[in-house]
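Right, one structure below, let's go through it.
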Amino acid sequence: MAIQRMDNVAVVVDDLEAAVAFFTDLGMEVEGRGEIEGSVPDGMLGLDGVHTAIAMLRTPDGHGKLELTQFHTPAAVTVGPPDPPPHTLGLHRVMFAVDDLDDTVARLRRHGAELIGEVVRYENAYRLCQLRGPSGILIALAEPIG
Numbered sequence: 001m002a003i004q005r006m007d008n009v010a011v012v013v014d015d016l017e018a019a020v021a022f023f024t025d026l027g028m029e030v031e032g033r034g035e036i037e038g039s040v041p042d043g044m045l046g047l048d049g050v051h052t053a054i055a056m057l058r059t060p061d062g063h064g065k066l067e068l069t070q071f072h073t074p075a076a077v078t079v080g081p082p083d084p085p086p087h088t089l090g091l092h093r094v095m096f097a098v099d100d101l102d103d104t105v106a107r108l109r110r111h112g113a114e115l116i117g118e119v120v121r122y123e124n125a126y127r128l129c130q131l132r133g134p135s136g137i138l139i140a141l142a143e144p145i146g
């Protein structure tokens, strides 16, 4: 049996409103918001007393989804350094294709995003960069060229 699709990527954040503002300025659209608590998240996550606020965002084409989750209880935990380097094991980053890399970087910097490294060119195919956004989230941007 094969999977049907990848439904979403979930990211735990410490400030849901700041993260929503960052990703909507990137160009994602809020699909829905909610508060989640009770036996279902407790059982699924193996935690007691889960109470979260979530925002589900989607890319303009409707295919990519990002779930932003802020834990009210239990408090979110940090493992390792607060801003791990790009070669840290585990979930690495989320990449987005954009039509104007320079404009996108400028807009995200207004939300506190920091460029990691520099904007580079990969052959005659892409301009690429990585940024660190809210809650230390790493995102990569790719602008098709040529």
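Following UniProt numbering, the residues of the sequence shown are numbered contiguously, the last one being 146.
Virtual Cβ for every residue (Gly too), placed ideally from N, Cα, C.
Taking E67 as reference, the option from M1, V105, E35, I116 with the minimal CA-CA separation is E35. Here G32 has M56 as same chain residues with Cβ atoms under 6 Å from its own Cβ, once five neighbours each way along the sequence are excluded. Check the Cα spacing between T73 and each of H87, E29, T52, E123: the tightest is with T52.
Counting along the chain, no alpha helix (DSSP H) covers A75, and no H or E run does either. In the three-state reduction of the DSSP assignment, T59 falls in the coil class, being assigned neither a helical nor a strand state. Counting along the chain, the unbroken alpha helix (DSSP H) around V105 starts and ends at 101-109.
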